[in-house]
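Below you'll find the structure, written out as structure tokens, and then a few comments.
There are 6 protein chains.
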Amino acid sequence: MLSVICRSALPKYGRSWLSAQVAVRTMSSSEGPSPPFTTLAVSRPAEAVTHVQLHRPKKLNAMNKAFWREMVECFNEISEDQDCRVVVVSGAGKMFTAGIDLMDMAGDMLQPEGDDAARVAWNVRKLVAKYQETFSVIEKCPKPVLVAVHGACIGGGVDLITACDIRLCTQDAWFQVKEVDIGLAADVGTLQRLPKVIGSRSLVNELALTARKMYADEAKSSGLVSRVFPDKDAMMAGALEMAGEIAARSPVAVQGTKLNLIYSRDHSVAEGLDYMATWNMSMLQTQDVMKSAQAVMEKKSLKETLFSKL
Amino acid sequence: MLSVICRSALPKYGRSWLSAQVAVRTMSSSEGPSPPFTTLAVSRPAEAVTHVQLHRPKKLNAMNKAFWREMVECFNEISEDQDCRVVVVSGAGKMFTAGIDLMDMAGDMLQPEGDDAARVAWNVRKLVAKYQETFSVIEKCPKPVLVAVHGACIGGGVDLITACDIRLCTQDAWFQVKEVDIGLAADVGTLQRLPKVIGSRSLVNELALTARKMYADEAKSSGLVSRVFPDKDAMMAGALEMAGEIAARSPVAVQGTKLNLIYSRDHSVAEGLDYMATWNMSMLQTQDVMKSAQAVMEKKSLKETLFSKL
Amino acid sequence: MLSVICRSALPKYGRSWLSAQVAVRTMSSSEGPSPPFTTLAVSRPAEAVTHVQLHRPKKLNAMNKAFWREMVECFNEISEDQDCRVVVVSGAGKMFTAGIDLMDMAGDMLQPEGDDAARVAWNVRKLVAKYQETFSVIEKCPKPVLVAVHGACIGGGVDLITACDIRLCTQDAWFQVKEVDIGLAADVGTLQRLPKVIGSRSLVNELALTARKMYADEAKSSGLVSRVFPDKDAMMAGALEMAGEIAARSPVAVQGTKLNLIYSRDHSVAEGLDYMATWNMSMLQTQDVMKSAQAVMEKKSLKETLFSKL
Amino acid sequence: MLSVICRSALPKYGRSWLSAQVAVRTMSSSEGPSPPFTTLAVSRPAEAVTHVQLHRPKKLNAMNKAFWREMVECFNEISEDQDCRVVVVSGAGKMFTAGIDLMDMAGDMLQPEGDDAARVAWNVRKLVAKYQETFSVIEKCPKPVLVAVHGACIGGGVDLITACDIRLCTQDAWFQVKEVDIGLAADVGTLQRLPKVIGSRSLVNELALTARKMYADEAKSSGLVSRVFPDKDAMMAGALEMAGEIAARSPVAVQGTKLNLIYSRDHSVAEGLDYMATWNMSMLQTQDVMKSAQAVMEKKSLKETLFSKL
Amino acid sequence: MLSVICRSALPKYGRSWLSAQVAVRTMSSSEGPSPPFTTLAVSRPAEAVTHVQLHRPKKLNAMNKAFWREMVECFNEISEDQDCRVVVVSGAGKMFTAGIDLMDMAGDMLQPEGDDAARVAWNVRKLVAKYQETFSVIEKCPKPVLVAVHGACIGGGVDLITACDIRLCTQDAWFQVKEVDIGLAADVGTLQRLPKVIGSRSLVNELALTARKMYADEAKSSGLVSRVFPDKDAMMAGALEMAGEIAARSPVAVQGTKLNLIYSRDHSVAEGLDYMATWNMSMLQTQDVMKSAQAVMEKKSLKETLFSKL
Amino acid sequence: MLSVICRSALPKYGRSWLSAQVAVRTMSSSEGPSPPFTTLAVSRPAEAVTHVQLHRPKKLNAMNKAFWREMVECFNEISEDQDCRVVVVSGAGKMFTAGIDLMDMAGDMLQPEGDDAARVAWNVRKLVAKYQETFSVIEKCPKPVLVAVHGACIGGGVDLITACDIRLCTQDAWFQVKEVDIGLAADVGTLQRLPKVIGSRSLVNELALTARKMYADEAKSSGLVSRVFPDKDAMMAGALEMAGEIAARSPVAVQGTKLNLIYSRDHSVAEGLDYMATWNMSMLQTQDVMKSAQAVMEKKSLKETLFSKL
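Residue numbers (the working numbering), protein chains in the order written: chain F, 543 to 852; chain H, 543 to 852; chain D, 543 to 852; chain Y, 543 to 852; chain E, 543 to 852; chain P, 543 to 852.
Dropping the structure here:
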């Protein structure tokens, strides 16, 4: 299904690697990460769909220092890229990610600097806040982010996927909130987002306090993922199809939906309704309503409807 | 099980259609909506149980302009009606509802008035707020509201049912968050309430961003509905039985329970406990506690216990 | 599996009954509650694990006046006990608990004092607040609390278990939110915590408004419990094993995890992340990170790692 | 300064009494309240300015049952009246208001109905909520409300003025939080709004707990009022002038300012900024910015600038 | 004005020192603190008025370890004491208080225990939370607390007075937020309450960041205190008179007022109104409304009205 | 008092202009802004004190496009600059600032781009959010920021100063919330922060709705500024002295104080206390407490105490 056109065919990178006018139809990049990135491979497998791959397969996509910085740059660009309407995140190689790269990060984590405990603390706080931002950018990105997990998703991987909007996995996937095993309370998102992502608090607590593995079936029945696929190929095809469905719809509607769903999570229903009404003061003044309504009445596919960029 | 006594047997309507002293035992109204309503048929199928039917079967119960206004009037009256202790909502005809009546509503939605974009926005906001109120009245009504869904429940239908307290459906029911298909972020409750109604955030996002259908089995496993019945007759019988169980209990206990469950949804546990204690300052001073306790000790059914009206 | 060493072998009680230096390896106490308690039997079945048994088996562990007070004392001591890292709660005899002991409590509940309705209300509020504290102490205790339910868990029992961190049950267990049957809105935690503990709001409302029983399978599929065991022996063995896993990990990591999971429940994601970063300013300065990381690298079990007391 | 044209010259009342096209230039209505009102006299003393007078001078503008209902009707109409951009509230006769009309209200307040204390409580809550709404409508009205106080402002009068946006008074004015004198905690706004209206918490508490009078000078220095005038004529002239200044400005800017100031009071700065940005998505798309900017550059008065109605 | 009857005339202490039936008419206690307290002298200078004196005059009422514990015990007892309706706090000797007793507290503050920085932190948090409680009990006490300050009020003294309801001072009083001078951010209430107690944020920040002294005049104009008296005798007479005014009013009204004023501080206006209505469901059912209304109509002093105890 | 050493003596700029090791003792920069800035002049008039001058005197320090960007860069650098402990902001030339530079900004504000009203709105929101950040960086900067205002402070100037911690002004200063005059609701901070900065809500509303000028005396009595100086020289000397006082104190204490004061503003007292205790878990482990306590006991000035950098 996916015709592979090598990512390096893109004419230029840096500031504009995402806004390439030629649609790059690939879900995988065989040679390695996309410059200027060293840990991420970014491609455009279908129109308006951006694919971000964790791409250190020999290191099991472990999250090293570069990764934390590159994710922020990557998603900041995606947020601005008018040619992208939806994002798919996956992992290259044998698994989604082995989590934090302890060897690479040890200096930061185990030997924070400072003249006394308070000054060490001050630096620790800045560091943690910076790492939190790495996954919060996914949430702040107005385009929906699908994540497709195969094999292991450990530690920082769980922090990452809970910040995404839609979670898919393969039958062989497993998830592990690992932090308690290395003497930490998970501090870059899992403890904050996991309880708002799945419905069983007893399960959340068990996972976070015992660091036990959770396999695909329990991930599905508990609601962590909304679909399980037999293998990675099927999952990537499914993810791309779902991404295509989203990309075909009005970006005004889609991005407003994501943003208000996140707002609702953190507010009362009454606050959410008020914000929604204020949001739609302008957003209902879009041509997209008329275009979409017309497509519905004419029973045409939305994929044939042309919406302005956003 | 349900002896059908035509709704029109009610002696008078308007202000007092709900407080009829004769118990009207019907779950369906064959001839049409209950004046002064044109889109709703209201009846009393069992003591203390009010049945509100969406009743434009030829139009698939599509929500037209009249509907939005009538729901508010209807539930405001129910809130005041001391003879009603529980409400059942269902749809007449082939399905629960096809959602918004685009033809009837198009003027409001597609051509809002105003001299400039800000003034159009001002009018849009008032309109959206008014429509939001249509479903918020269900939540504000202190009596529990059960909703029984058969066939399709589309768009505005999902907004409606998420504002109800208990959701039941038939095996052939399906649900669709439709708004994104017509260029809108759902703004009358779905985006605010659905994530607080079911436990899988990935599923909520998928439904809202792709507008895909969800069938009864997934609705049950995800927790959107708490019971699935083989067909509509079985469901209505089940709904009436459950309504009867609730109606038999102390209205002080039942309505206090609904109100505090909603309060808890929007507050921290500590805030919820404080409000509950303040609420029960007066509510524990009811005779109903003594009456109920006595029934328990004498192993009598609560259906034989007479509670004062509330 | 559990060698029974009688609780009375403990050298002294009162202030120090929990910090006994000899490890008491028992999950049950045959003779009765642990003085000074009359409703609770407290033991140490494994290192760093405290077992709290509801222990009025002849009265089906019904919650009498003494119980409400003793729970507070018991968990306050556990909170301070540096030798305890995790708690297991269970019920002695035929069932977990029949709930409130109506006979014993009737005076308080049915005949509150006061010269007028306002003064009665004032006393009611103090009483309710005091009872709420009985279960809130479980939540305030920084050590994780597992609860293992067999047979019936009725009324106050549901209030109790929703305040625990991890819920397990036997195949024959059932749960009942009973309060509405005796004319009350549940006011010591169920209405506040149950909706944040399981993902289906429709189910929560149904349980609270109809007082119907929920059996083990539905408790599992709805997420109320995260594991179901065939019988009580298997469950207690499973609970002890899980408790052992938690007790083996860094108490700085474990208790910080519990505390931040509870904080997150009641705050937005952004607030939760900020608090977490502030919390870890000091907590990441623990030796436990180094010790744990070393164990991971040396592939040693954490059970062989010695962490300082907390 | 104020040419008195009798309010009765208005061609018709009811639905349209506010939208009279002829500007009614009067600040006082000598004959009595404006039908259909019995306690309020409504007039249009200047273009786009609505004057609402508490008008039961023989009863010292005491708040009787009719008053609580009429205020809601009056401000609901004002909210919809596109010819009104600002409101001035004052009292007819010797003083602003003596507060609640104990004689007229005694039935409601002293003998609430209900079969037991819980059912009485239920009715009390509905009553209090209804009375709270009487002053909350002032806050919900998007047009700024100035209140001009002369003589006494007692009890319910303080609840009323704290819901207004700008407070002015005469040198002989005094204010009294009276409720504690009749055995009540003030429940229709004073305890909620007064602490957010003036800066000294010690003073707020003193006033509310002792019911002592506060005179104009302390009202000014504490910030309750922002201006003091020597007498009522000067105050009404000043109020009309200030109202004229506000009425001359863009209604999009003015009403957005009021609404966001109230939003900010009840939210964190970050929440307020987010809401403001969302609000201005549409509101900055008004022609009024261009018109206003042009007037500024041409150094013309805004009174000569014609803004579309809102 | 104040007839001095020595506090030691009270028949018994301990559990019942507050509920003495003979009215103790004294504002000062010449010999020293009231057993079992070593830092506080408690007396009853007028009916229903409790006077709590900081009483280590030779140590300038510096806050030593005993003080932090005794304040909690003292206010817990006052909260339960039905004979007390209002509290006055003042300082014995030359000044109100010199703040924390650095010598006595140094061990706790400068040498917290723990095997690593995280475990030290754990103990620090418990300590700070315990000290915070010392002043929070004033706020939790439902009876209004007036504080009368003469001379210096330094460091912990400011934490204390901001937790009181009404602040009075002498002309020679001065206030100093001292913590920044000893390397601390004030953590037992000043930084949390001072900004909600006075209206000028610039002043709050200046005081907290520079530790400069603020004298009586600025304390009055900024709203920290609501009254300034020429000397201590005049202030104590004024405080007693104000306390008498409060004590004469319905305790249902007075304590409900305090509680709702504090609730309002921490909630939006809408939340505050909702809580108030729920609170008054029961509280308006008091006889005190009728008794108070009757006194008003008969123009009798409330001091002659007998209200039941609360 | 201020020896003028020209800012250009600093060896290098850009990344390191702030961390110059030679103390630059100047409060004014005669030649113009500090490269790379074109609208700001940055200097170090005393040890650990950074002076940021709005520096477009010929344009009355009007805020042009460059200004909005440079403020963010400038304060981001200051946040990281360990040699800076306190900041003073002032305006060069005749006045503090004339506010927004309408000519330079007109394109952005009056002609936002987009294919329909929704897409214009999307761009407007990003723009407003970016401008909000310009002043929020002042608040996020952990070092206290004093602002010294002379002459006019108009429009955006008020947004700026309300984000500062301490406000000072000259006798000839005046303030004007100008936005309503150009058809806008002030959206970069004034409506959100002004009501939390001064105590009189009536005054806030009057200023924001009428755009009238407020002079120094009212600014002082209302609490907007905490000190008024006769002229600019006196004010700058006073500002520098106050900055020196703050710079001499422990940076751990000072910056923790600022951060917690801001946290408290946006949270309940209970939340603020909890955060404070968590913050001080690490911060009380600083050497600065011991150093400061020692200085106090030895009655030495803190200016002689050497604290480690933060």
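Built from N, CA and C at the ideal position, the CB exists for glycine as well.
Tell me which same chain residues have a C-beta within less than 7 Å of the C-beta of glycine 556 of chain E, skipping the five on either side of it? What you label residue 556 of chain E is simply residue 14 of the fifth sequence in a count that begins at 1. Note that glycine 556 of chain E scores a pLDDT of 36, beneath 50, so its modelled location is shaky and nothing firm can be said.
Going by beta carbon distance, what residues of the same chain come within less than 7 Å of glutamine 836 of chain Y, once the five residues before and after it are set aside? On the fourth sequence, position 294 is the one that residue 836 of chain Y refers to. Closer than 7 Å at the Cβ level, and outside the excluded window around glutamine 836 of chain Y, lies no residue.
Take lysine 762 of chain F and list the residues in its own chain whose beta-carbon comes closer than 6 Å to its own, dropping the five residues that flank it on each side. As a working mapping, residue 762 of chain F is identified with position 220 in the first sequence. Excluding the 5 residues flanking it on each side, lysine 762 of chain F has same chain C-beta neighbours closer than 6 Å at Val770, in chain order.
At a CB-CB cut-off below 7 Å, which residues of chain H make contact with aspartate 729 of chain D? Stepping through the third sequence from its first residue, residue 729 of chain D is reached at position 187. Here the neighbours are Met818, Ala819 and Asn822.
Below 8 Å, can you find three or more Cβ-Cβ pairs linking the segment 796-812 of chain F to the segment 715-733 of chain H? In this structure the segment 796-812 of chain F touches the segment 715-733 of chain H; the number of beta carbon pairs closer than 8 Å is three or more.
How long is the line joining the alpha carbons of leucine 669 of chain H and leucine 815 of chain F, rounded to whole angstroms? For this step, residue 669 of chain H is matched to residue 127 along the second sequence. For this step, residue 815 of chain F is matched to residue 273 along the first sequence. The C-alpha of leucine 815 of chain F is placed about 13 Å away from the C-alpha of leucine 669 of chain H.
List the residues of chain H that glutamine 718 of chain D touches, going by C-beta distances under 7 Å, in chain order. As a working note, residue 718 of chain D is residue 176 in the third sequence. Residues of chain H passing the Cβ test: none, with the nearest at roughly 13 Å.
Just the C-alpha distance for glutamine 827 of chain H and methionine 839 of chain H, rounded to the nearest angstrom, thanks. In the second sequence, residue 827 of chain H corresponds to position 285, counting from 1. In the second sequence, residue 839 of chain H corresponds to position 297, counting from 1. When the Cα atoms are used, glutamine 827 of chain H and methionine 839 of chain H turn out to be separated by approximately 20 Å.
According to DSSP, simplified to helix, strand and coil, what is serine 632 of chain D? In the third sequence, counting from the first residue as 1, residue 632 of chain D sits at position 90. Shown here, serine 632 of chain D sits in a strand according to DSSP, grouped into three states.
C-beta contact flag for methionine 823 of chain D and serine 824 of chain P at 8 Å: Position 281 of the third sequence, counted from the first residue, corresponds to residue 823 of chain D. Position 282 of the sixth sequence, counted from the first residue, corresponds to residue 824 of chain P. For the pair methionine 823 of chain D and serine 824 of chain P, the CB atoms are nearer than the 8 Å cut-off.
Classify lysine 738 of chain E as helix, strand or coil using the three-state DSSP reduction. In the fifth sequence, residue 738 of chain E corresponds to position 196, counting from 1. Correct three-state label for lysine 738 of chain E: helix.
Short CB-CB distance (under 8 Å) between lysine 800 of chain E and chain P: The count along the fifth sequence starts at 1 and reaches residue 800 of chain E at position 258. Answer no: the Cβ-Cβ gap between lysine 800 of chain E and chain P never drops below 8 Å.
Residues of chain D with CB under 8 Å from methionine 825 of chain E, in chain order? Along the fifth sequence, read from residue 1 onward, the residue named residue 825 of chain E stands at position 283. Ala660 and Ala663, listed in chain order.
Delimiting residues of the beta strand (DSSP E) encompassing glutamine 595 of chain P: In the sixth sequence, residue 595 of chain P corresponds to position 53, counting from 1. DSSP places glutamine 595 of chain P in the uninterrupted beta strand (DSSP E) bounded by 591-596.
Contact with chain P by arginine 627 of chain Y, beta-carbon distance below 8 Å: In the fourth sequence, residue 627 of chain Y corresponds to position 85, counting from 1. Taking Cβ atoms only, chain P never reaches closer than 8 Å to arginine 627 of chain Y, which makes this a no.
Using a Cβ cut-off of 8 Å (strictly closer), state whether serine 806 of chain H contacts chain E. Position 264 of the second sequence, counted from the first residue, corresponds to residue 806 of chain H. No, its Cβ sits nowhere closer than 8 Å to a Cβ of chain E.
Can you tell me which of the three DSSP states glutamine 718 of chain F falls into? Taking the first sequence and counting its residues from 1, the one referred to as residue 718 of chain F is at position 176. Looking at glutamine 718 of chain F - three-state DSSP - the assignment turns out to be strand.
Distance, Cα to Cα, alanine 663 of chain D vs alanine 659 of chain Y? Taking the first residue of the third sequence as 1, we reach residue 663 of chain D at position 121. Taking the first residue of the fourth sequence as 1, we reach residue 659 of chain Y at position 117. Rounded to whole angstroms, alanine 663 of chain D to alanine 659 of chain Y spans 10 Å at the Cα level.
Check each residue of the segment 724-748 of chain D: if its Cβ is closer than 9 Å to any Cβ of chain H, include it; give the result in chain order. Within the segment 724-748 of chain D, the qualifying residues are Ile724, Gly725, Leu726, Ala727, Ala728, Asp729, Val730, Gly731, Leu733, Gln734, Arg735, Leu736, Pro737, Lys738, Ile740, Gly741, Ser742, Arg743, Ser744, Leu745, Val746, Asn747 and Glu748.
In angstroms, rounded to a whole number, what distance separates the CA positions of aspartate 775 of chain H and tyrosine 757 of chain H? Within the second sequence, numbered from 1, the residue matching residue 775 of chain H stands at position 233. Within the second sequence, numbered from 1, the residue matching residue 757 of chain H stands at position 215. It is roughly 19 Å from the alpha-carbon of aspartate 775 of chain H to the alpha-carbon of tyrosine 757 of chain H.
Assuming arginine 897 of chain F is part of the alpha helix (DSSP H), what are its boundary residues? Nothing about residue 897 of chain F can be reported from this structure: the residues present for chain F run from 543 to 852 only.
Should glutamate 721 of chain P go down as buried or exposed, given a rule of 16 or more other Cβ atoms within 10 Å for buried? Locating residue 721 of chain P in the sixth sequence gives position 179, where the first residue counts as 1. A residue is called buried once 16 or more other Cβ atoms fall within 10 Å of its Cβ, and glutamate 721 of chain P is buried on that count.
Assuming serine 678 of chain F and alanine 705 of chain F form a contact by the criterion Cβ under 8 Å, report the distance between their Cβ atoms to the nearest whole angstrom. Position 136 of the first sequence holds residue 678 of chain F. Position 163 of the first sequence holds residue 705 of chain F. In this structure, serine 678 of chain F and alanine 705 of chain F form a Cβ contact; the two beta carbons are roughly 7 Å apart against a cut-off of 8 Å.
Where glutamine 653 of chain H falls, given that 16 or more other Cβ within 10 Å makes a residue buried: The residue labelled residue 653 of chain H in the question sits at position 111 within the second sequence. Looking at its Cβ environment, which holds fewer than 16 other Cβ atoms inside 10 Å, glutamine 653 of chain H is exposed.
For arginine 667 of chain H, the nearest candidate out of Y:Lys842, Y:Lys841, Y:Leu844 and Y:Trp821 (CA to CA): If you number the second sequence from 1, residue 667 of chain H lands on position 125. That would be Y:Trp821, whose Cα lies nearest to the Cα of arginine 667 of chain H.
Secondary structure, beta strand (DSSP E): runs of 3+ residues fully inside the segment 732-799 of chain P: Runs found: 755-757 and 769-771.
Please list, in chain order, the residues of the segment 770-803 of chain F that have any C-beta partner in chain P closer than 7 Å. Of all residues in the segment 770-803 of chain F, Val794 have a Cβ within less than 7 Å of some Cβ in chain P.
Among the candidates H:Cys695, H:Gln718, H:Gly697 and H:Val691, whose CA atom is the shortest distance from the CA of arginine 709 of chain H? Here residue 709 of chain H refers to the residue found at position 167 when the second sequence is read from its first residue. For the options H:Cys695, H:Gln718, H:Gly697 and H:Val691, the alpha carbon positioned closest to that of arginine 709 of chain H is the one of H:Val691.
Beta-carbon proximity of glycine 693 of chain F to methionine 637 of chain F, cut-off 8 Å: Reading the first sequence from its first residue, position 151 is the one you call residue 693 of chain F. Reading the first sequence from its first residue, position 95 is the one you call residue 637 of chain F. With respect to methionine 637 of chain F, glycine 693 of chain F sits close: the two C-beta atoms are nearer than 8 Å.
Integer-rounded CB distance, given that glycine 780 of chain P should sit under 8 Å from serine 834 of chain Y: Locating residue 834 of chain Y in the fourth sequence gives position 292, counting from the first residue. Locating residue 780 of chain P in the sixth sequence gives position 238, counting from the first residue. Actually they are not in contact, since the Cβ atoms of serine 834 of chain Y and glycine 780 of chain P sit about 38 Å apart, beyond 8 Å.
In angstroms, rounded to a whole number, what distance separates the CA positions of serine 768 of chain H and aspartate 808 of chain D? Sequence index remark: in the second sequence, residue 768 of chain H carries index 226 (1-based). Sequence index remark: in the third sequence, residue 808 of chain D carries index 266 (1-based). Spanning the two alpha carbons is a distance of roughly 25 Å.
Counting only Cβ pairs nearer than 8 Å, list the residues of chain E close to aspartate 830 of chain P. The residue you call residue 830 of chain P lines up with position 288 of the sixth sequence. Here the neighbours are Gly725.
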